[in-house]
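Participant:
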Amino acid sequence: MKNTVLNQAPLPVFSTLTLAQIEPTLKEMLAQHRAELGTLLQNAVPPTWENLILPLEQSSNQLNKMWSPVSHLHAVMESEELRAIYNACLPLLTEYHTEMMQNETLYQAVKSIAESAEFKSFTPTQCKAIENELRDFRLAGVSLSSDAKTRFAELQKKLSKLCTQFSENLLDATQGWTLLVTDVNRLKGLPQSTLDIAQEAAEQHGKKGWELTLDYPCYSMAIKYLENRELRRQMYEAYVTRASEQGPQAKRWDNSQIMEDIVKIRCELAKLLGFASFAEYSLATKMAKTPERVLTFLHDLVAKSKMFAEKEMQELTQFAESQDGIEQLEAWDLGYYTEKLRIAKYAVSQEELRAYFPANKVLAGMFTVMGRLFGIKMVERTDVDTWHPQVQFFEIYDGDNQLRGYFYTDLYARKHKRDGAWMDECRVRQMLPDGTVQYPVAFLTCNFTRPIGDKPARLTHDEVQTVFHEFGHCLHHLLTQVNFSSLSGINGVPWDAVEFPSQFFEFWCWDKETLALMTAHETTGESLPDALYDKLLAAKNFQSGMHMLRQLEFALFDFRLHLEFDPAKGPQVQHMLDEVRAEVAVVPTPKFNRFQHSFSHIFSGGYAAGYYSYKWAEVLSSDAFSRFEEKGIFDRESGRAYLHNILEQGGVYDPMDLFIAFRGREPKIDALLRHSGLV
Ligand code: ZN
């Protein structure tokens with residue numbers, strides 16, 4: 033049975049994907065869909081679920097299936113050719129979506145289904161699908177005058193171009209800077225694994241020495257461990273001025289104007305639709321309903337954590353002074369002395385922990401944990417085509433041995449791969465016209481230090497948390513039981529609830545039993561010793577006040593920027609960030625810092641006026657986890673309840689209702705503060 037399903041839904045072929053075919057294929061598909069839509073609207077009299085909604089969902093599924101491998105490759109295997117094709121295709125897609133969502137006839141047809149007698153007998157999935165559809169039509173400006181509609185479409189196209197440009201500038205700026213060091217003494221403090229990579233990078237460019245880069249694995253190690261303060265400053269400056277008018281690559285890939293334009297266009301779009309700001313527009317699809325609610329939530333957390341953060345900063349400042357006589361603690365010293373202080377206080381470093389976490393064992397241990405919680409099983413397959421030799425492919429089975437989906441893992445940093453860690457959809461669970469189910473497929477992407485030579489890759493504990501986080505997104509996407517793609521998995525889930533499952537799973541990285549399953553020391557093979565575990569736990573909330581404030585700074589900057597933007601006032605991005613920092617920050621920021629120029633979450637990702645979602649969802653995940661603290665960390669009953677009430681439900685129900693179904697009450701902030709040690 034497994035095999036038949038597999039045959040019905042062949043997986044994308046990456047290795048032989050013909051780039052030249054992408055654009056013509058897409059154009060042909062769009063033309064066909066446009067023609068089909070015309071026929072559907074003509075024949076659907078009166079419009080029903082079967083004669084209109086289902087066929088439309090199938091077309092959109094077909095389109096996603098074609099596009100998602102392309103968009104994924106653009107993110108992880110970029111080439112000049114692919115970038116050009118991607119940029120040529122993106123406006124076609126945007127145009128098509130805008131056109132669909134502004135189709136008045138289609139809107140009226142969907143509306144008439146909502147008003148029909150049939151609607152009263154709809155399932156919750158059907159009702160929600162229609163409601164979302166109508167909401168999205170309104171948000172897309174379907175009821176605008178024809179002039180306003182044209183303007184709206186123009187703005188959306190511009191916006192999508194600007195967002196792509198933003199991330200291209202960032203990628204180019206990140207890769208555009210390298211620093212060759214020929215005297216190894218200057219690199220004192222750097223872990224051997226980073227030195228090896230730097231040496232290999234230099235060799236690849238036919239040079240002798242060590243090449244430092246702004247790729248995150250190299251930069252994060254350098255800023256934490258380089259003893260040479262001047263070198264740290266140099267790297268810090270290069271990193272925080274990427275894609276800006278400051279620093280060593282000033283104005284070369286400058287995002288300044290792009291950001292201003294993005295915010296301006298978003299504001300105009302929101303106003304065209306009758307919203308007071310883009311922030312209000314953003315909240316129309318979120319769990320937190322009003323700007324006041326978001327601002328109160330964030331300011332409340334600032335108030336509860338600032339005192340802790342100030343104390344932590346004071347401790348750090350004194351430590352740096354006592355260690356090295358540092359009179360003025362600078363931004364490029366923070367990571368370095370933080371790591372030193374962590375070791376002094378808890379005698380545990382991320383690098384020391386790395387020896388215990390071989391990547392393969394971490395994955396295997398994580399799978400065991402998920403198996404105990406949900407009865408699921410992951411099976412690796414090696415006969416599946418992928419885009420890179422380091423990519424692995426897995427099947428996922430539930431407790432009844434039923435196939436539920438597939439996922440690819442691509443864990444290591446390399447050139448032409450976008451920074452960071454994320455989960456993306458390759459396929460979405462969907463009932464196909466022949467009555468079979470298309471299984472969901474996920475991409476799990478990280479940027480860890482890759483294996484060097486024949487040594488297996490090893491992760492820091494931070495990286496282990498990242499894997500759990502992204503795998504949480506994968507499970508949400510893969511374990512869904514909803515057979516309608518716009519509501520299955522993470523689809524239709526409000527942004528501020530999307531991080532709930534991912535952050536929830538991070539808690540298991542701190543559990544002793546779980547850690548025993550994932551650890552084996554590189555020479556002795558022993559699992560994480562108790563003494564080290566105790567230190568790890570003691571260090572868990574180290575500087576958590578500062579960490580909390582940093583997140584709140586980003587969240588407030590993002591939210592207020594999109595709430596208060598006024599086109600009459602001219603450029604406002606830097607000004608807003610300065611204002612938020614004055615209220616929130618306890619750490620020094622040099623004048624040249626241009627963090628915002630690389631803030632992809634809000635300028636090229638989906639988090640605009642929604643970065644607060646991380647904290648919002650953390651309240652949900654902390655509170656949900658506290659049920660496992662009460663009942664036992666592997667409590668099967670709670671695991672089953674989480675699976676059925678959260679992971680399987682997709683976007684069909686309000687997340688608040690789902691949370692209450694799982695926890696028996698509304699979420700409270702207490703567990704988050706307790707878990708962060710801020711009480
Ligand atoms: Zn996430």
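Taking this note's numbering, the leading residue of the sequence shown gets 33, the next gets one more, and so forth. The C-beta atom is built at its ideal place from N, Cα and C for all residues, glycine as well.
1. For P390, which residues does DSSP report across the bridge?
2. Starting from the Cα of S708, find the closest Cα among Q681, S576 and S636 and give me that residue.
3. Give me whichever residues DSSP pairs with L212 in a beta bridge.
4. Quick check on DSSP: helix, strand or coil for D442?
5. Use the C-beta contact count for A149: other C-beta atoms within 10 angstroms, 16 or more gives buried, fewer gives exposed.
6. Less than 8 Å between the CB atoms is what I'm expecting for L166 and V142, so what's the real figure, rounded?
7. Is it the case that the CB of E262 approaches a heavy atom of the ligand ZN more closely than 7 Å?
8. DSSP on I428, reduced to helix/strand/coil?
9. Counting only runs that start and end within the region 633 to 690, where is the alpha helix (DSSP H) found for 4 or more residues in a row?
10. Flag this pair as yes or no: are the beta carbons of Y438 and V473 separated by less than 8 Å?
11. When DSSP labels each residue in this structure, what does K143 get in the three-state scheme?
12. Ordered along the chain, which non-local residues of its own chain (more than five positions away) have a Cβ less than 7 Å from that of Y268?
13. Can you give the Cα-Cα distance for S175 and T182, rounded to whole angstroms?
14. Using three-state DSSP, classify Q470 as helix, strand or coil.
15. Does the CB of L88 have a neighbour CB from chain B at under 8 Å?
16. For the region 142 to 230, list the alpha helix (DSSP H) runs that are entirely contained and at least 4 residues long, ordered along the chain.
17. Under the three-state reduction of DSSP, which class applies to K409: helix, strand or coil?
18. Just tell me which of L187, Q355, Y388 and L584 has its CA closest to the CA of I375.
19. Reducing DSSP to helix, strand and coil, say where M33 ends up.
20. So, D590 versus A641, is the Cβ gap smaller than 8 Å?
21. Taking only three categories from DSSP, how would you classify F475?
22. Would you say the beta carbon of E636 is closer than 7 Å to some non-hydrogen atom of the ligand ZN?
23. Hey, how far is the Cα of L705 from the Cα of Y639?
24. Tell me whether E235 sits in a helix, a strand or coil according to DSSP, three-state version.
25. Pop quiz: M580 and L710 are said to be a contact at Cβ under 8 Å. What is the actual Cβ separation, rounded to whole angstroms?
26. Less than 8 Å between the C-beta atoms of A52 and L519, yes or no?
27. How big is the Cα-Cα spacing for T50 and L105?
28. Going by DSSP, what residue range makes up the beta strand (DSSP E) through M132?
29. Provide the residue(s) that pair with R459 in DSSP beta bridges, ordered along the chain.
30. Check whether the Cβ of S337 sits closer than 7 Å to any heavy atom of the ligand ZN, and report yes or no.
31. Verify whether the separation of the beta carbon atoms of P123 and K59 is less than 8 Å.
32. State the Cα-Cα distance for the pair R237 and L560, rounded to the nearest angstrom.
33. Quick one, which of T126, F399 and A63 has its alpha-carbon nearest L191's?
34. Strictly closer than 6 Å from CB to any heavy atom of the ligand ZN: give me those residues in the order they appear in the chain.
35. With DSSP as the reference, please indicate the residues paired to L366 in a beta bridge.
36. Can you tell me whether G437 is helix, strand or coil according to DSSP?
Facilitator: This is what the structure holds:
1. As a working mapping, residue 390 is identified with position 358 in the sequence shown. Beta-bridge pairing links P390 to R490.
2. The count along the sequence shown starts at 1 and reaches residue 708 at position 676. The residue with the shortest Cα to Cα distance from S708 is S576.
3. Counting from one through the sequence shown, the residue named residue 212 turns up at place 180. In DSSP, L212 forms a bridge with E243.
4. Within the sequence shown, numbered from 1, the residue matching residue 442 stands at position 410. DSSP places D442 in strand when its eight states are reduced to three.
5. Your numbering for residue 149 matches position 117 in the sequence shown. Exposed, by the Cβ-count rule.
6. Translated into the one-based positions of the sequence shown, residue 166 becomes position 134. Translated into the one-based positions of the sequence shown, residue 142 becomes position 110. Indeed, because the Cβ distance is near 6 Å, the residues count as touching under 8 Å.
7. Taking the sequence shown and counting its residues from 1, one reaches residue 262 at position 230. Not under cutoff, so the answer is no.
8. Mapped onto the sequence shown, residue 428 falls at position 396. If DSSP states are grouped into helix, strand and coil, I428 belongs with the strands.
9. 645 to 663 and 668 to 674
10. What you label residue 438 is simply residue 406 of the sequence shown in a count that begins at 1. What you label residue 473 is simply residue 441 of the sequence shown in a count that begins at 1. Yes.
11. Here residue 143 corresponds to residue number 111 of the sequence shown, with the count starting at 1. Looking at K143 - three-state DSSP - the assignment turns out to be helix.
12. In the sequence shown, counting from the first residue as 1, residue 268 sits at position 236. Around Y268: I255, A363 and W364.
13. Residue numbering aside, residue 175 sits at position 143 when the sequence shown is read from its first letter. Residue numbering aside, residue 182 sits at position 150 when the sequence shown is read from its first letter. Cα to Cα, S175 sits roughly 12 Å from T182.
14. As a working note, residue 470 is residue 438 in the sequence shown. Strand.
15. As a matter of chain content, chain B is missing from the structure shown, which is built from one protein chain.
16. 156 to 171 and 178 to 208
17. The count along the sequence shown starts at 1 and reaches residue 409 at position 377. K409 falls in the strand class under three-state DSSP.
18. As a first step, residue 375 is located in the sequence shown; it is residue number 343 there, counting from the start. I375 has its Cα closest to that of Q355, out of L187, Q355, Y388 and L584.
19. Numbered from 1 along the sequence shown, position 1 holds the residue referred to as residue 33. Confidence at M33 is low in this model, with a pLDDT of 34, below 50, so the placement of that residue should be treated as unreliable; the coordinate-derived value is given next. Here M33 sits in coil by DSSP.
20. The residue given as residue 590 occupies position 558 in the sequence shown. The residue given as residue 641 occupies position 609 in the sequence shown. Yes, the pair counts as a contact, with Cβ atoms nearer than the cut-off.
21. Here residue 475 is taken as the residue at index 443 of the sequence shown, counted from 1. Residue state for F475 is assigned as strand, using DSSP reduced to three classes.
22. Taking the first residue of the sequence shown as position 1, residue 636 is located at position 604. The question names Glu, but residue 636 in the sequence shown is Ser. Checking the Cβ of S636 against the ligand ZN gives no.
23. Taking the first residue of the sequence shown as 1, we reach residue 705 at position 673. Taking the first residue of the sequence shown as 1, we reach residue 639 at position 607. In a straight line, the C-alpha of L705 is about 24 Å away from that of Y639.
24. Counting from one through the sequence shown, the residue named residue 235 turns up at place 203. The answer is helix: DSSP assigns E235 an H, G or I state.
25. What you label residue 580 is simply residue 548 of the sequence shown in a count that begins at 1. What you label residue 710 is simply residue 678 of the sequence shown in a count that begins at 1. Right, the Cβ-Cβ distance comes to about 7 Å (below 8 Å), so this counts as a contact.
26. Taking the sequence shown and counting its residues from 1, one reaches residue 52 at position 20. Taking the sequence shown and counting its residues from 1, one reaches residue 519 at position 487. Contact: no.
27. Along the sequence shown, read from residue 1 onward, the residue named residue 50 stands at position 18. Along the sequence shown, read from residue 1 onward, the residue named residue 105 stands at position 73. The alpha-carbon atoms of T50 and L105 are separated by roughly 12 Å.
28. Looking up residue 132 in the sequence shown gives position 100. That residue, M132, is in no beta strand (DSSP E); its alpha helix (DSSP H) goes E112 to M133.
29. Numbered from its first residue, the sequence shown carries residue 459 at position 427. Looking at the DSSP assignment, R459 forms a beta bridge with V473.
30. Numbered from its first residue, the sequence shown carries residue 337 at position 305. No, since every heavy atom of the ligand ZN falls outside the 7 Å radius drawn around the Cβ of S337.
31. For the purposes of this step, residue 123 is identified with residue 91 of the sequence shown, where counting begins at 1. For the purposes of this step, residue 59 is identified with residue 27 of the sequence shown, where counting begins at 1. No.
32. Position 205 of the sequence shown, counted from the first residue, corresponds to residue 237. Position 528 of the sequence shown, counted from the first residue, corresponds to residue 560. Checking the displayed sequence, the identity of residue 237 turns out to be His instead of Arg. In a straight line, the C-alpha of H237 is about 39 Å away from that of L560.
33. As a working note, residue 191 is residue 159 in the sequence shown. The candidate whose alpha carbon is nearest that of L191 is T126.
34. H501, H505, E531 and S534
35. In the sequence shown, counting from the first residue as 1, residue 366 sits at position 334. Answer by DSSP bridge pairing: none, since L366 is not bridged.
36. Residue mapping note: residue 437 aligns to position 405 of the sequence shown, counting from 1. Three-state DSSP puts G437 in a strand.
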